[in-house]
Structures are given as structure tokens and as C-alpha cells.
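Heads up, the thing below is written out as C-alpha cells.
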Amino acid sequence: MLPVPNSDQEVPSHFALTASATLAVQKDIALQLQARVPKIFKYSFQRPNIFYEIRYTENKNADALRQIGSTGTSIVYCRSRKQTESVARYLNQSGRDAAVYHAGMPKNKRELAQNDWMQNKTPAVVATTAFGMGIDKADVRTVLHYDAPEHLEAYYQEAGRAGRDGKASHALLLYNNTDIIRLQESTELHFPPEAYLRQVYQSVAEYLQIAIGTEPNQYYPFDLADFCRKFGLLAIPASHALRLLEQEGLWTITESVFHPATIQFITGRHTLDELADNYPNLHYVSTGLLRLYGSIFQYPTAIRLSAVAKQLRLKQEEAEQAIYRLAEMNLLEYNKPNEGPQLFFHHYRVDSRHLIIDLKRIDTLRKTHETRTIAMIAFLKNEDKCREQIILNYFGEETTKDCGHCDVCRKKQNKVSISDKDLKTQLLELLKEKKELPMQEIVAQFPVIIKEQVITVIRELVDEGKLSLNNHLIFFLTK
């Protein structure tokens, strides 16, 4: 969305871009930008090359396995890091080559997984939903949602990572009753009561040992699992409370921030000079630090241990041991380098009872979330209305025309009735002609409406000994 001023207005110094926004969100963006008469430029939300399919299943692994493998490059989206690892392990053990990607992995492993997928060395990646943002890969043939997203905005953005080259692609979402229950309960989970928010704030302050009145703008290492364990909190509701309080401007939580080592001398120069007689090695290191970093007496100064060691012609371990000893003698303060999850405290710490929380804002967010969740559940359960029509209407694009490229439209188009006997004959003729085919390609030869019937009949033919399956999951006629 791009606000454009009237002729009597100054040209704005900012504009907004978004991949997907409902009319309400567009209005809110304009309000936040103080654009009185915004000019909105947008493309249609239609994606005619994507086949949208929503499938209820009690065996997600089996359905994912059938979909992934013979369909070119794929993304499988899961809601949790643990789930990505579980699904990727299942696919690999079942003969599918799949990488795993999530923020909890070491950076080098994430980069390797992403690069192998980008270069088509690994055809499938199983990832959390942030994967794909900023990644320009046009030939993704399948996006599979292993879990139902929380709202249609997320679904549309993630499904839209398929087929950016304009070629036929598939967006498949698997769901079951567990997904429905999770969505129904998500509002209460995402927006805990005021008392719980205050409890989490107090727990954070105690965990980080931040006294009332402590000055703001400081980083603290923050391990969510350790935090929840020490204060008896469940990780999921606690993480939502942390994010709500973050939105209140109290702190910023980051996955990983690198902080170099810092040093500040807290004694006078004469004390350091006295080290020469009794601790010549420590005197050598302290004077070396002073030569390298002139501000080290005034404030905590970032240092590079490798540079210090090189300058002093010491091993890095020797230089660090000397610094530790100086800290033990209360001659300097030393903060070790660290890298990991961080919480940046923005404000002066207050008593949790006096913490100001914008409950009206949170209530508005709660109602918006609930509305979006209801729309997502309706989208999942829908069996009669064109999928793309629902998506377009949701984003304010009016249409009553069926798209012709979703499971609902295909069902209307292919009201096919065929007996198992005739289907068996067709399947045997197909394998006689093609010699061998994987399940996915066999199923693709028949209308979507009878897909489950085709799979059932294939299994019956295997049981009857008329079809066989090799180690590569390829079917062929039994001789």
C-alpha cells in the first residue's frame, strides 16, 4: 500500500508495502502513517496456477509422504521446531530426501539446508513458517501445510510461495480435529489475563535479577526453557505473555545476538603500577590493555581477545586467564563474549503491581485474533464454496466466480462415479502401458474426487498379487 498526497500536501517521506492485508489492515496502516487520502496500489490475490486443496486426514505422515517426492521442489510447513525434525526424519526414513530448517539450528546447518534446497540438491525442506521470507525460488511445485495456520493471511502468504514461475503448482493443507481444537483454544492462549501478564513480568525481573529502578536499555541472556522451569511456567502461554509485554514496549526478545567481551578498570593507575613487583604477568597484561583501549578506565569497552593475545604475544587462553585473575582481584569488570537468545530491557524496572498495561489495546487484538481464527476454521471445514473465492472475498476482492483450480471446484467438475472393478481394469492397463509408476503419478491420472478410491484399489491390487512395490516405492505389474 502506497499513500500518495494531494497536490497541496508535501510528498511523504515514507510508504508501506505488504504482501497481504485485509481492508481493515489497509485502513489501519493508513491511520498509522497519518495518510488522510492514501493511494492504494495492489495486485489481484488470484493465483490461477496454484491448485488449492484442503484435506482432512488422521494420518498426516502418510499423506505427506504420498505428496512429497515425485513433485519437484517442495516446502513442508510445521508449527514447531520439534515437529519439523520429526516429519523430516519420517520422510527420510521412508525414502524421501528432505532437509530440516528452523531457528533453533546452528547457523551453518541452517545455511547448508537452505543452500542445498535452493540448488535442488535436496528436493524438500521441512521448516517452520518463517522459512521462505525473502527467499526467491520460483520453481517450488508443492507447499504442504502439515498443520493448519492460525489465519488466512498466513495461509495465503505461505501457499503463495509455490509456483512463482507461473507453472502449475499445488498447495495442500492437512488438518484434523486436533487442529480445529487448537484454533478454537488459541485466543485464550495468545491473550492471557492481566494477572498472568503481571506474574510473567515479575518472574522475568527476578530471573534476570533486575532490581526496581534499574536503568533501561540493557541486554540480558534469556533462555525461555530455563526461565519457565525455574518459575514453574508452561512454555507456550509464557511465550505469548512475553510477546504481549514486548508489544507494550517493555522489552525486545531476540533469537540470537552476539555481544563481544567488555572490560572496564575499576581501580586507579597507581594500583596497577603496584602489580609490577608481585604480579609481573598481570601487570604486563593490564598495561597492554591500557595501550590498546584508551577508554577502558572510563566505561565498559568492547575488546577482541584474539587481538589482545596477538598484541601481547600470548595464547588467547593465557590472556583470558590473566583477565579473569584481574577481575577476581576487583581491579576490573569483565563481561565474557556471548551469543544466544537475548532480552533487551527498554524501561526502568517497576513493581509489577504498578506496571501500566494497555488492556484496551490487548482486548482489541484479542477480538481481531478471534475473528481471524473463526474465518480459518470455516475455510478448513468448507466443502461447498470455491477456495479462491473465499480468499479473494476475505481480502476485500469481490467475486462470485469459481476458480476451477481448487478441490471444491474440482469436485463440482468431476462428479465421477466408477466401480472398483472398472477402476482396477484401468489401473492395470495404465501400468501395462507405463511399466512402472510411483503412487503420486498413478493418482494424478484420475480425477481428484476419486483419489481415495484409487489409493484403496491400488492397495487391493497389491494384496491380490497383481501389483508389486519395489524399494523405491514404485509400482509395477506382477509377472
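Each residue of the sequence shown is one higher than the one before, counting from 616 in the numbering used here. All C-beta atoms, glycine included, are put in the ideal place defined by N, C-alpha and C.
Exercise. DSSP on residue 1091, reduced to helix/strand/coil?
Worked result: Against the sequence shown, residue 1091 aligns to sequence position 476. In the structure shown, residue 1091 sits in a strand (DSSP, three-state: E or B).
Exercise. What residues in its chain sit with their C-beta under 8 Å from that of residue 881, if we drop five residues either side in the sequence?
Worked result: Numbered from 1 along the sequence shown, position 266 holds the residue referred to as residue 881. Hits under 8 Å: 945, 946, 947 and 948.
For this session: Can you give me the Cβ contacts of residue 791 inside the same chain, cut-off strictly under 7 Å, excluding the 5 residues immediately before and after it?
Result: In the sequence shown, residue 791 corresponds to position 176, counting from 1. So the list reads 671, 672 and 673, once near-sequence residues are dropped.
For this session: Kindly indicate the opening and closing residues of the alpha helix (DSSP H) around residue 740.
Result: For this step, residue 740 is matched to residue 125 along the sequence shown. It is not in any alpha helix (DSSP H) - residue 740 instead sits in the beta strand (DSSP E) that spans 739-743.
Exercise. Taking the beta strand (DSSP E) that residue 1024 falls in, what are its first and last residues?
Worked result: Position 409 of the sequence shown holds residue 1024. Note, residue 1024: premise wrong, no beta strand (DSSP E); alpha helix (DSSP H) at 1022-1028.
Exercise. Can residue 809 and residue 972 be called in contact, C-beta distance under 8 Å?
Worked result: Counted from its first residue, the sequence shown places residue 809 at position 194. Counted from its first residue, the sequence shown places residue 972 at position 357. The Cβ atoms of residue 809 and residue 972 lie closer than 8 Å to each other.
Exercise. Given a threshold of 16 other Cβ atoms within 10 Å of its Cβ, counted over all protein chains shown, does residue 626 qualify as buried or as exposed?
Worked result: Position 11 of the sequence shown, counted from the first residue, corresponds to residue 626. A caution first: residue 626 carries a pLDDT of 48, below 50, which makes its placement in the model too unreliable to give a value.
Exercise. Taking buried to mean at least 16 other C-beta atoms within 10 Å of its own C-beta, is residue 901 buried or exposed?
Worked result: Counting from one through the sequence shown, the residue named residue 901 turns up at place 286. Counting other Cβ atoms within 10 Å of its Cβ, residue 901 reaches 16 or more and is therefore classed as buried.
For this session: Indicate the three-state DSSP secondary structure (helix, strand or coil) for residue 883 in the structure shown.
Result: Looking up residue 883 in the sequence shown gives position 268. The answer is coil: DSSP assigns residue 883 none of H, G, I, E or B.
Exercise. To the nearest angstrom, how far is it from the Cα of residue 583 to the Cα of residue 1023?
Worked result: The question about residue 583 has no answer here: the residues shown for the chain are numbered 616 through 1094.
Exercise. To which residues does DSSP link residue 950 through a beta bridge?
Worked result: Indexing the sequence shown from 1 puts residue 950 at position 335. Paired residue(s): 877.
Problem set entry | Cβ contact check for the stretch 786-802 and the stretch 752-768: 3 or more pairs under 8 Å | In this structure the stretch 786-802 lies against the stretch 752-768, because at least three pairs of beta carbons, one per stretch, are closer than 8 Å.
For this session: Taking 8 Å as the threshold, find out whether the stretch 905-915 comes into contact with the stretch 851-860 through three or more Cβ pairs.
Result: Touching, no.
Exercise. Taking buried to mean at least 16 other C-beta atoms within 10 Å of its own C-beta, is residue 695 buried or exposed?
Worked result: In the sequence shown, the residue the question calls residue 695 occupies position 80. When all chains shown are included, residue 695 counts as exposed.
Exercise. With C-beta atoms as the reference, is residue 710 less than 8 Å away from residue 1087?
Worked result: The sequence position of residue 710 within the sequence shown is 95, counting from 1. The sequence position of residue 1087 within the sequence shown is 472, counting from 1. Result yes, Cβ atoms of residue 710 and residue 1087 sit closer than 8 Å.
Problem set entry | 8 Å contact criterion, which residue 897 and residue 937 should meet: CB distance rounded | Residue mapping note: residue 897 aligns to position 282 of the sequence shown, counting from 1. Residue mapping note: residue 937 aligns to position 322 of the sequence shown, counting from 1. Yes, they are in contact, since the Cβ atoms of residue 897 and residue 937 sit about 6 Å apart, within 8 Å.
Exercise. At a cut of 8 Å, does the stretch 744-752 reach the stretch 979-995 through at least three beta carbon pairs?
Worked result: Cβ pair count under 8 Å is below three, so no.
Exercise. Would you report the Cα separation of residue 1011 and residue 785, rounded to the nearest angstrom?
Worked result: For the purposes of this step, residue 1011 is identified with residue 396 of the sequence shown, where counting begins at 1. For the purposes of this step, residue 785 is identified with residue 170 of the sequence shown, where counting begins at 1. Within the model, the alpha-carbon separation for residue 1011 versus residue 785 is close to 24 Å.
Problem set entry | Burial state of residue 1034 (16 or more Cβ within 10 Å) | One-based indexing of the sequence shown puts residue 1034 at position 419. It is exposed - the Cβ of residue 1034 has fewer than 16 other Cβ atoms within 10 Å.
For this session: Give the DSSP bridge partners of residue 826, in chain order.
Result: Within the sequence shown, the letter at position 211 stands for residue 826. DSSP output for residue 826 lists no bridge partner at all.
Exercise. Which value, in whole angstroms, describes the spacing of the CA atoms of residue 964 and residue 723?
Worked result: Position 349 of the sequence shown holds residue 964. Position 108 of the sequence shown holds residue 723. Computed Cα separation, rounded: 37 Å.
Exercise. Buried or exposed: which applies to residue 928, given that a residue is buried once 16 or more other Cβ atoms fall within 10 Å of its Cβ?
Worked result: For the purposes of this step, residue 928 is identified with residue 313 of the sequence shown, where counting begins at 1. By the neighbour-count criterion, in which 16 or more other beta carbons inside 10 Å mark a residue as buried, residue 928 falls on the exposed side.
Exercise. Does the beta-carbon of residue 914 have 16 or more other beta-carbons within 10 angstroms, so that it is buried, or is it exposed?
Worked result: Start at 1 with the first residue of the sequence shown, and residue 914 comes out as number 299. Around the beta-carbon of residue 914, fewer than 16 other beta-carbon atoms lie within 10 Å, marking it exposed.
Exercise. Between which two residues does the alpha helix (DSSP H) carrying residue 980 extend?
Worked result: Residue numbering aside, residue 980 sits at position 365 when the sequence shown is read from its first letter. Counting along the chain, the unbroken alpha helix (DSSP H) around residue 980 starts and ends at 974-996.
Exercise. Is residue 959 closer than 8 Å to residue 591 when the C-beta atoms are compared?
Worked result: A question about residue 591 goes unanswered here, because the residues of the chain that appear run from 616 up to 1094.
For this session: Quick one: measure Cβ to Cβ for residue 802 and residue 1025, integer angstroms, because I've assumed they're closer than 8 Å.
Result: Position 187 of the sequence shown holds residue 802. Position 410 of the sequence shown holds residue 1025. So it is not a contact: roughly 33 Å between Cβ atoms.
For this session: From the DSSP output, read off the bridge partner residues of residue 833.
Result: Walking along the sequence shown from the start, residue 833 turns up at place 218. Per DSSP, 960.
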